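Worksheet for the structure shown next.
Number of protein chains: 2
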Amino acid sequence: MAGEGSEFRGRRIPEATVVRLPVYQRILSELAAADQRTVSSEQLAVLARVGAAKVRKDLSHLGSFGTRGTGYDTALLVAQIDRALGADGDWPIVIVGIGNLGRALANSEGFSSHGFRVTALFDADPAVVGTTVGGIAVRHIEELPAVVAAARPAVGVVATPAGVAQEVTDALVANAVPSILNFAPRVLTVPSNVVLRNVDLSIELQVMSFYQARSGTNSAEGPA
Amino acid sequence: MAGEGSEFRGRRIPEATVVRLPVYQRILSELAAADQRTVSSEQLAVLARVGAAKVRKDLSHLGSFGTRGTGYDTALLVAQIDRALGADGDWPIVIVGIGNLGRALANSEGFSSHGFRVTALFDADPAVVGTTVGGIAVRHIEELPAVVAAARPAVGVVATPAGVAQEVTDALVANAVPSILNFAPRVLTVPSNVVLRNVDLSIELQVMSFYQARSGTNSAEGPA
DNA sequence: TATTGTGAACCTCTTCACAGCT
DNA sequence: AGCTGTGAAGAGGTTCACAATA
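Chains A and B are the protein sequences, given in the same order. Residue numbering for the first sequence follows our numbering, beginning at 100 and increasing consecutively. Residue numbering for the second sequence follows our numbering, beginning at 100 and increasing consecutively.
Shown next, in the form of structure tokens:
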């Protein structure tokens, strides 16, 4: 459990910063592995492809861990970011919908690091139920309430067809899953106390075709 | 090519809006399929889980297609959004890295709609090269330059391990691929004229554990 | 000297509120 | 009356620029 709020700086970290912390963390881990003891905001900025001022402001939300004239202690910074992100915790995951994408997620590196751990898989297809994916047996969706109520996963991943995404989400929420990561191309409704994030592959492509369709336009650079 | 700028309103559409347009488009398509002729910003807002004012402002960037007192013509709006997003175009895609994720993407619905079309798959593993995924034969990565130079894909999808993501990207860019969609957990460098978008599954999870780690904290609501 | 931490300016996106049109 | 389109206000995030400090 290890849930002590100990000496939290009462800071409210902006979402934009939260999204960048994992990027910094990955870079810092690599630097630490290469035995680099300290790092400047400038170097981290170059590696993360952002501005140095942004790096400093982002890190300042975690506290004041840098040393003026020297930079940041690499290992210390990794530890601080890990703590902020909860990487020192244990975060069981369940995945619902074991199609191509669900299978890929179940086997994904990202789903078994930083404290994450896939604990259960569910599908409705009898041909899939009972098979083993990434070392875990796929259970029938009807077992979801019982299994989830017992296992208390931290994250429910929805990788089902769009048509059943909302009802699957409702089942997860009803069984106290506090965070939902949705891959189905559907806008989901969840209570306000549930954290919902969406990953929509189709949207990413469409954003690209938007910019490309535009760049095809005569590059009439607007006058100031 | 079909590259006519015809009667473009010289508007610069905010990125935040661009990301929501595909969501509206999907909802509107469903309404149109259900024979709903018109839709109000309020109804669309409820379905997309955003504010009505935001819907109106977003749509206003495309032009003035609503009718006061009535709402928007559903079919017309779908057509306008499609046009803005380039959904009336042809967007060949190549996917590099045919692991679990690349395979899922190659079979994905989202990669074969809205004008998108997977045209080539590449991998470095001899055990994978030559196999067929989603009806397309996987070619060796060494064939990439020749194939890409000939096929001129609009989007290159990087689904390789992080270690080779940059070199694969360099090869795509060198062969004139104008947009890169990166799934590798690595910050990529591309020339400024190349559109780059990142999808990082691990980051999404870490953002969730961040919020959950926080909510575990005594909900000491900060004083104003 | 080198580099952090941060107020202030700036920019972008969101929300409000209402004039204007049907 | 009903609903859009938008100027203006507000909130959030980024960048600047520099004082503080090792």
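Ideal Cβ placement from N, Cα and C applies to all residues, glycine included. Since the structure is predicted, the reported quantities are computational estimates derived from the model, not experimental observations.
Counting only unbroken stretches of 4 or more residues, the alpha helix (DSSP H) elements lying wholly within the segment 146-232 of chain B are 151-159, 173-184 and 199-205, in sequence order.
Assigned with DSSP and collapsed to three states, V256 of chain B falls in strand. Among the residues facing chain A, Y310 of chain B is included, as its CB has a counterpart in that chain under 8 Å away. Each of A:A115, A:F210, A:I197 and A:A248 was checked against the Cα of V232 of chain A, and the nearest Cα belongs to A:I197. In the DSSP secondary-structure assignment, N297 of chain B is bridged to B:N281. Considering only beta carbons, the part of the segment 199-222 of chain B lying closer than 9 Å to chain A consists of N199, L200, G201, R202, A203, L204, A205, N206, S207, E208, G209, F210, S212, H213, G214 and F215, in chain order. If you compare the alpha carbons of A:P244, A:V122 and A:V289 with that of V193 of chain A, the shortest gap goes to A:P244. Classified as buried, G255 of chain B has 16 or more neighbouring CB atoms from the shown chains inside 10 Å of its CB. Within 10 angstroms of the beta-carbon of T173 of chain B lie 16 or more other beta-carbons, which makes it buried. Per DSSP, I235 of chain A is one residue of the beta strand (DSSP E) stretching across I235 to H239. For L161 of chain A, not one C-beta of chain B is nearer than 8 Å to its own C-beta. At a Cβ-Cβ threshold of 8 Å, L146 of chain A and F164 of chain A do not count as neighbours.
Taking the Cβ atoms as the reference, F282 of chain A lies roughly 6 Å from V257 of chain A, within the contact range of under 8 Å.
The shortest C-alpha to C-alpha distance from E241 of chain A to any of A:Q265, A:D181, A:D224 and A:T230 is the one to A:D224. In the DSSP assignment, E114 of chain B falls within the unbroken alpha helix (DSSP H) covering E114 to A132.
Beyond the five residues adjoining it in sequence on each side, G214 of chain A comes within less than 8 Å, by CB distance, of G185, A186, D187, G188, D189 and W190 in the same chain, given in chain order. Selection A:A178, A:Y123, A:V227 and A:N274 evaluated against V154 of chain A yields A:Y123 as nearest (Cα-Cα).
Taken atom to atom, the span from the alpha-carbon of E141 of chain A to that of L287 of chain B is near 17 Å. Considering only beta carbons, the part of the segment 134-164 of chain B lying closer than 8 Å to chain A consists of L146, A147 and R148, in chain order. Assignment of T268 of chain A by DSSP, reduced to helix, strand and coil, places it in the helix class. Using a 10 angstroms sphere on the CB of D157 of chain B, the tally of other CB atoms reaches 16 or more, which defines it as buried.
When the beta-carbon positions are compared, V228 of chain A and V237 of chain A come within less than 8 Å of each other.
Residues of the segment 295-310 of chain A whose Cβ lies closer than 8 Å to any Cβ of chain B, in chain order: R296, V298, D299, L300, S301, I302, E303, L304, Q305, V306, M307, S308, F309 and Y310. When the Cα atoms are used, I302 of chain B and Q135 of chain B turn out to be separated by approximately 39 Å. With 16 or more other Cβ atoms inside 10 Å of its own Cβ, N274 of chain B counts as buried.
Close to chain B, meaning a Cβ-Cβ distance shorter than 8 Å, are the following residues of the segment 184-197 of chain A: L184, G185, A186, G188, W190 and I192. Scanning A:V294, A:L304, A:R167 and A:R148 for the CA closest to the CA of S212 of chain B turns up A:L304. Taking 8 Å as the threshold, the shortest C-beta distance from S128 of chain A to chain B does not fall below it. The Cβ-Cβ distance between G209 of chain A and P284 of chain B falls below 8 Å. In the three-state DSSP reduction, V247 of chain A falls in the helix class (H, G or I). The beta carbon of G201 of chain B lies closer than 6 Å to those of I194 and A258 in the same chain, with the five residues before and after it left out. Between V267 of chain A and S278 of chain A, the C-beta gap is not smaller than 8 Å, which leaves the two residues out of contact. Its Cα nearest to that of V246 of chain A, the residue A:V276 stands out among A:V276, A:G162 and A:F309. Assignment of V138 of chain B by DSSP, reduced to helix, strand and coil, places it in the strand class. Rounded to whole angstroms, the Cβ separation of S128 of chain B and A253 of chain A is 34 Å, and the two are not in contact under 8 Å. Look at S308 of chain B here: in three-state DSSP terms it is helix.
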